[in-house]
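Enquirer: Could you have a look at this structure, given as structure tokens, before my questions?
Protein chains: 2
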Amino acid sequence: MVLSFFCSAKSIDDERDELLKREAMVRLGGQLVLKKEEEDVNGKLMALKRAEIMEAMKTQKFPPSMHFFQAKKLIEKSEVFHVLKKMPKGAALHLHDFGILDMDWLVKNVTYRPYCHMCITPRGTLRFKFALPISPAPKKEDCSKWILLENYRKELQNVTEFDNGLLKTFTLVTENPEVTYADQDDIWTKFETIFFTISGLVHYAPVFRDYIIRGLEEFYLDNVIYLELRAMLHPVYELNGKTHDKEWCVKTYKEVADQFAKDHPEFIGLKIIYSDHRSKDASFIKKSVRTAMALRNRFPKTVAGFDLVGREDTGHTLYDYKDALLIPSLEYVNLPYFLHAGETDWKGTSIDNNLLDALIMNSTRIGHGFALNKHPAIMEDLRKKDIPIEVCPISNQVLKLVSDLRNHPAVSLMAIGQPMVISSDDPGFFGAKGLTYDFYEGFMGLGGMDADLRTLKQLAFNSIKYSAMMPAEKEAAMKTWEKIWDKFIVDQARK
Amino acid sequence: MVLSFFCSAKSIDDERDELLKREAMVRLGGQLVLKKEEEDVNGKLMALKRAEIMEAMKTQKFPPSMHFFQAKKLIEKSEVFHVLKKMPKGAALHLHDFGILDMDWLVKNVTYRPYCHMCITPRGTLRFKFALPISPAPKKEDCSKWILLENYRKELQNVTEFDNGLLKTFTLVTENPEVTYADQDDIWTKFETIFFTISGLVHYAPVFRDYIIRGLEEFYLDNVIYLELRAMLHPVYELNGKTHDKEWCVKTYKEVADQFAKDHPEFIGLKIIYSDHRSKDASFIKKSVRTAMALRNRFPKTVAGFDLVGREDTGHTLYDYKDALLIPSLEYVNLPYFLHAGETDWKGTSIDNNLLDALIMNSTRIGHGFALNKHPAIMEDLRKKDIPIEVCPISNQVLKLVSDLRNHPAVSLMAIGQPMVISSDDPGFFGAKGLTYDFYEGFMGLGGMDADLRTLKQLAFNSIKYSAMMPAEKEAAMKTWEKIWDKFIVDQARK
Ligand SMILES: [Zn+2]
Ligand SMILES: [Zn+2]
């Protein structure tokens with residue numbers, strides 16, 4: 001029974017403007033003041049964005065509302081995408097060791113290297129191993145006879161077909177993802193199988209080293225200057241069977257990244273977040289936490305902290321691991337956590353409570369935090385503590401947490417400026433590359449029509465601000481990023 | 496680089512409890528204190544709910560995450576559903592005139608009545624008309640020759656097949672909705688076609704009257720005691736071609752509802768929200784607003800206010816209609832608005848701004864408000880003004896705004912106790928019935944594992960609180976509802 005007492009269309013326009021301004025101010029990046037040249041670039045970018053969205057409203061084909069596997073080609077035609085590609089995006093903070101690289105390289109390069117053997121498990125899963133001709137002998141129940149790929153390919157009539165098959169085995173990509181993967185169980189099974197399959201390839205020492213180089217290169221070419229990798233640090237082996245331990249792995253990461261930074265002046269580097277799998281019993285995780293403490297002690301500049309990876313819905317909860325996760329603080333040791341939490345649709349379950357425990361365990365950032373917008377108290381506290389979530393839109397879509405990215409929970413979080421970064425999780429598994437595809441989904445799908453260059457700049461800025469770099473490193477990185485950002489603006493303004 | 500200084504697992508449990516309590520308190524209904532018997536019923540209900548969700552986590556078959564057409568049979572097997580069916584749900588506040596009733600009745604009853612004719616338009620759409628044997632003559636370009644259904648059925652070999660075909664024509668239901676409706680354009684086209692097709696049936700005076708009775712009955716049997724209908728009030732015709740105007744329609748709604756209330760002691764009644772279509776030009780809407788003012792003046796107890804219906808994405812915006820919508824307040828007339836707004840995925844567009852204008856136009860409630868969680872300022876103001884959104888989960892899913900209801904924006908709004916009611920929009924079109932299916936989706940899908948009887952009670956309470964009833968009517972309705980609620984609790988507690 002409310003009676004309204006506005007008197008003219010004029011006052012309505014004032015009220016509208018005020019509301020729109022209020023929302024613009026709280027939006028992610030809404031407080032940023034752009035320089036004159038940035039405003040020009042923003043104008044151009046927003047014209048492109050508006051045109052693409054208006055067109056999509058007509059055709060009903062909007063990439064963020066389509067499955068990424070089907071949207072990818074459309075995205076690549078987008079002019080907004082091409083601007084985002086050139087944009088210095090700062091850092092990629094949520095990535096997994098062997099998911100960062102286009103899988104094509106594994107097929108075309110790695111499996112063509114000498115001494116590459118393949119076998120098939122009774123369940124039909126491929127395994128690989130590099131070994132000298134004295135063929136490696138797996139236990140019979142584990143796998144078929146090892147086949148030397150060099151010989152095998154010689155006997156094939158159609159090698160391309162075989163290679164395409166391998167590529168399909170190495171990624172989740174399929175033409176009809178809705179049909180191929182009926183539910184989350186299906187896609188997670190394939191997801192974990194890929195890790196298992198490529199394990200023998202990427203843990204071969206020469207490949208391990210090359211993988212890092214190629215990975216850095218792929219992100220560098222995508223205008224990303226710094227990476228943080230969740231890494232399991234499994235043993236790496238040599239042709240003669242000798243294996244290397246976790247320390248060797250970290251050292252190799254460090255050496256390769258240092259060399260890469262030398263060769264590529266604007267590249268900053270890489271840090272490792274040592275990660276174990278949440279399928280393991282609590283007693284094992286206690287050991288892993290101690291391993292993380294030791295690694296961080298030995299490589300304080302390279303090992304940033306600890307995380308638990310794997311599917312949350314079927315794994316142990318963080319609460320199950322509380323005794324393990326409390327070890328560092330009980331011993332007055334600083335071990336930052338970067339915990340995956342809230343990568344679930346099951347609100348109110350013990351899994352959903354991972355978000356709560358990640359907060360209580362003082363996680364430095366939250367991996368995904370997909371469920372966060374359903375938790376007002378956790379949202380509030382994370383905000384107060386300035387703890388960001390790492391939003392990975394394509395990963396969430398491919399792993400079937402949400403189909404239309406316009407319904408991704410981060411839409412509402414972006415609208416209120418909740419601390420966040422955007423990352424790509426395992427782009428190699430999803431048929432994506434670097435960070436730009438996820439930035440596109442974030443800008444177009446999560447941001448809607450009104451997120452502009454401010455939001456993008458804030459996201460890039462956040463990626464450095466919320467990184468695990470030391471203060472001095474961060475300051476230097478920020479300067480580097482600002483320099484290339486300004487160059488990007490000048491280039492775009494000229495167009 | 497945050498170091499955490501908690502000392503034991505004990506303090507962690509305290510922190511967890513505190514966070515969980517904070518979230519429980521702000522949740523919709525979180526402030527309600529249940530009586531002893533309600534607590535018992537809640538315990539039983541939550542045991543059922545937990546078991547069903549745990550089972551769904553295993554089978555990966557969770558009705559709210561499936562399309563309603565495929566979930567319906569599963570829902571009907573749910574024990575939670577059967578409790579919700581018996582629960583006094585209060586009022587259904589977001590319904591459309593001819594979408595409230597199981598379409599089966601139109602096929603099996605209405606099209607079997609004497610003098611029912613059918614024709615087919617050049618585009619293949621069916622039309623119906625009751626007329627005396629002197630067959631009604633549509634213009635040739637409009638439709639085929641009118642066919643008397645009584646004769647037509649006699650000639651058919653398989654009448655059941657024909658009737659099933661009719662039923663399919665009258666609803667959106669299909670086995671593979673994802674295939675049948677590729678996008679929102681597809682489903683909205685069919686949606687609007689159904690309205691056009693059944694128009695000749697439901698606007699025939701005897702059917703019009705019976706439709707209301709049957710509609711009230713369907714909701715009454717579903718334990719709903721009061722309805723508010725968005726009604727277009729198109730002309731209603733008699734067999735002799737004579738037509739009745741809007742006043743007649745309103746009077747008929749009133750008479751039928753009054754009689755129904757007399758025959759069903761706990762039934763309260765019905766109000767009409769006169770509605771026009773947002774495809775019309777602003778000049779027409781000015782006339783409709785004046786019509787609404789006149790109708791409300793003539794039937795202050797029956798006509799609650801005005802709304803604009805039809806697809807927002809392709810229709811005029813509320814801003815387009817601002818001059819029309821301002822007429823009442825400029826003339827110091829009270830015409831409450833119940834505006835559909837934010838039934839869109841296109842954040843940041845002029846359509847999305849309907850939410851903003853609904854707020855500014857002082858809408859008494861917001862129809863859908865699907866986009867609301869993306870608008871922090873509007874959320875805040877609606878909350879301050881205690882203006883609820885009318886959440887229709889199944890409608891939003893069927894009309895392709897969201898697929899998995901666990902990603903419905905109202906999940907986050909329910910978590911913060913944003914004012915809302917749950918309604919069913921056009922259950923007859925969706926193959927649903929009454930209000931319980933939507934309550935099920937709301938309780939299981941939007942509420943997650945932790946929404947309990949408090950949330951349900953609040954939703955029922957809200958439906959009366961936010962209705963357009965006068966204060967005295969509301970008070971009486973609340974008493975009636977409390978009485979049947981208490982009876983429900985006693986019945987459930989005994990089980
Ligand atoms: Zn991850
Ligand atoms: Zn509606």
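In the order they appear, the protein sequences are chains A and B. Quick note: our numbering has the first sequence finishing at residue 495, numbered continuously throughout. Quick note: our numbering has the second sequence finishing at residue 990, numbered continuously throughout. Using N, Cα and C, we set each Cβ at its ideal position, and we do this for glycine too.
1. Please state the DSSP three-state secondary structure of A/C7.
2. Would you call the stretch 107 to 118 of chain A and the stretch 81 to 91 of chain A touching, i.e. three or more CB-CB distances under 8 angstroms?
3. I'd like to confirm the pairing. Which residues does DSSP put opposite A/I194 in its beta bridges?
4. In three-state DSSP terms, what is A/L148?
5. Taking beta-carbon pairs under 8 angstroms, can you tell me which members of the stretch 342 to 375 of chain A lie near chain B?
6. Output, in chain order, the set of chain B residues within a Cβ distance shorter than 9 angstroms of A/A415.
7. Indicate whether A/L446 and A/L405 have their beta-carbon atoms separated by less than 8 angstroms.
8. Give the secondary structure of A/K433 by DSSP, where H, G and I count as helix, E and B as strand, and everything else as coil.
9. With C-beta atoms as the reference, is B/Q987 less than 8 angstroms away from B/V536?
10. Can we say the stretch 664 to 684 of chain B touches the stretch 555 to 568 of chain B, given the rule of at least three CB pairs closer than 8 angstroms?
11. Using only the alpha-carbon positions, how far apart do B/C502 and A/T314 sit?
12. Given this structure, state the Cα-to-Cα distance separating A/I416 from B/H698, to the nearest angstrom.
13. Hey, out of B/I763, B/F623, B/T797, B/L601, whose CA is closest to B/K746's CA?
14. Mapping DSSP to helix, strand and coil, what is A/A304?
15. Compare the C-beta of B/F817 against all C-beta atoms of chain A and say whether one is closer than 8 angstroms.
16. Going along the chain, which residues of its own chain have a beta-carbon closer than 8 angstroms to the beta-carbon of A/H277, five neighbours each way excluded?
17. Rounded to the nearest angstrom, how far is the Cβ of A/A432 from that of A/I394, given a contact under 8 angstroms?
18. Please look up how many angstroms separate the CB atoms of A/A377 and A/L318, rounded, as I've assumed it's under 8 angstroms.
19. Could you check whether the Cβ of B/L514 sits closer than 8 angstroms to any Cβ belonging to chain D?
20. If the criterion is Cβ atoms closer than 8 angstroms, does the pair A/I212 and A/G428 meet it?
21. Below 8 angstroms, can you find three or more Cβ-Cβ pairs linking the stretch 946 to 964 of chain B to the stretch 905 to 921 of chain B?
22. Enumerate in chain order the residues of its own chain whose CB-to-CB distance from A/F488 is below 7 angstroms, with the five nearest sequence positions on each side excluded.
23. Restricting to Cα atoms, I'd like to know which of A/S363, A/H96, A/P64, A/L401 is closest to A/M449.
24. At the 8 angstroms Cβ level, is B/R901 part of the contact set with chain A, yes or no?
25. With B/F714 and B/G929 assumed to form a contact (beta carbons below 8 angstroms), what rounded beta-carbon distance in angstroms separates them?
26. If the cut is a Cβ gap below 7 angstroms, which residues of chain A does B/D678 touch?
27. Whose CA, out of B/K556, B/K539, B/N735, B/D681, lies closest to the CA of B/H628?
28. Taking only the alpha-carbon atoms, compute the straight-line gap between A/A261 and B/L850 and give it to the nearest angstrom.
29. Can you give me the Cβ contacts of B/L601 inside the same chain, cut-off strictly under 7 angstroms, excluding the 5 residues immediately before and after it?
30. What I want to know is whether the C-beta of A/G367 ends up closer than 7 angstroms to one or more non-hydrogen atoms of ligand 4.
31. Could you work out which residue in B/L514, B/D512, B/D717, B/F703 is closest to B/G585 when comparing CA atoms only?
32. Measure the C-alpha to C-alpha separation of B/H903 and B/V897 and round it to an integer number of angstroms.
33. Nearest CA to the CA of A/A304: which residue from A/L229, A/A371, A/V391, A/K280?
34. When you check each C-beta in the stretch 662 to 687 of chain B against every C-beta of chain A, which residues fall closer than 9 angstroms?
35. When you compare each of B/Q526, B/E532, B/D512, B/L820 to B/K990 by their alpha carbons, which one comes out closest?
36. For the stretch 440 to 465 of chain A, list every residue whose C-beta sits within 7 angstroms of some C-beta in chain B, in sequence order.
Expert: According to the structure data:
1. Residue confidence is low: A/C7 scores 48 on pLDDT, short of 50, so the model does not pin down where it sits. No coordinate-derived value is stated.
2. The stretch 107 to 118 of chain A is not in contact with the stretch 81 to 91 of chain A.
3. Partner(s): none; A/I194 has no beta bridge.
4. Correct three-state label for A/L148: strand.
5. When C-beta distances to chain B are compared with 8 angstroms, the residues of the stretch 342 to 375 of chain A below that value are D345, W346, K347, G348, T349, D352, N353, L356, D357, L359, I360, M361, N362, T364, N373, K374, H375, in chain order.
6. One finds K842, N868, K869, H870, P871 in chain B with Cβ atoms closer than 9 angstroms to the Cβ of A/A415, taken in chain order.
7. In this structure, A/L405 lies closer than 8 angstroms to A/L446 by Cβ.
8. In the structure shown, A/K433 falls within a coil segment according to DSSP collapsed to helix, strand and coil.
9. Yes, they are a contact pair.
10. Of all C-beta pairs linking the stretch 664 to 684 of chain B to the stretch 555 to 568 of chain B, three or more are shorter than 8 angstroms, placing the two stretches in contact.
11. Because B/C502 sits at a pLDDT of 48, beneath the cut-off of 50, its placement in the model cannot be relied upon, and the point is left open.
12. For A/I416 and B/H698, the distance between alpha carbons rounds to 47 angstroms.
13. Selected option, being the one with the closest Cα: B/T797.
14. Strand.
15. It should be noted that the sequence gives Lys, not Phe, for residue 817 of chain B. Taking CB atoms only, B/K817 has a neighbour in chain A less than 8 angstroms away.
16. Taken in chain order, the residues that qualify are M232, L308, V309, G310, G315.
17. With a Cβ gap of about 6 angstroms, A/A432 and A/I394 count as contacting.
18. Contact annotation, A/A377 with A/L318: C-beta distance approximately 17 angstroms; criterion of less than 8 angstroms not satisfied.
19. Any reference to chain D falls outside this structure, whose protein chains are A and B.
20. Note that the C-beta distance between A/I212 and A/G428 is not below 8 angstroms.
21. Judged by Cβ distances under 8 angstroms, the stretch 946 to 964 of chain B makes contact with the stretch 905 to 921 of chain B, as three or more pairs qualify.
22. Here the set comprises K86, M87, P88.
23. With respect to the C-alpha of A/M449, the residue from A/S363, A/H96, A/P64, A/L401 having the closest C-alpha is A/P64.
24. Yes - at least one Cβ of chain A is within 8 angstroms of the one on B/R901.
25. The pair is a contact, with the Cβ atoms about 5 angstroms apart (cut-off 8 angstroms).
26. Close to B/D678, with beta-carbon spacing below 7 angstroms, are these residues of chain A in chain order: Q60.
27. Note on residue identity: the sequence assigns Pro, not His, to residue 628 of chain B. Ranking the options by Cα distance to B/P628, first place goes to B/N735.
28. Their Cα atoms are separated by approximately 50 angstroms.
29. Excluding positions up to five away in sequence, the list reads F665, I693, L696.
30. In the structure on display, ligand 4 does not appear, and the ligands it does have are ligand 1 and ligand 2.
31. The residue with the shortest Cα to Cα distance from B/G585 is B/D717.
32. The alpha-carbon atoms of B/H903 and B/V897 are separated by roughly 6 angstroms.
33. Nearest C-alpha to A/A304: A/L229.
34. If the cut-off is 9 angstroms between Cβ atoms, the stretch 662 to 687 of chain B has E673, A677, D678, Q679, D680, D681 near chain A.
35. Closest by alpha carbon: B/E532.
36. For the stretch 440 to 465 of chain A, which is checked against every Cβ of chain B, the residues closer than 7 angstroms are G448, M449, D450.
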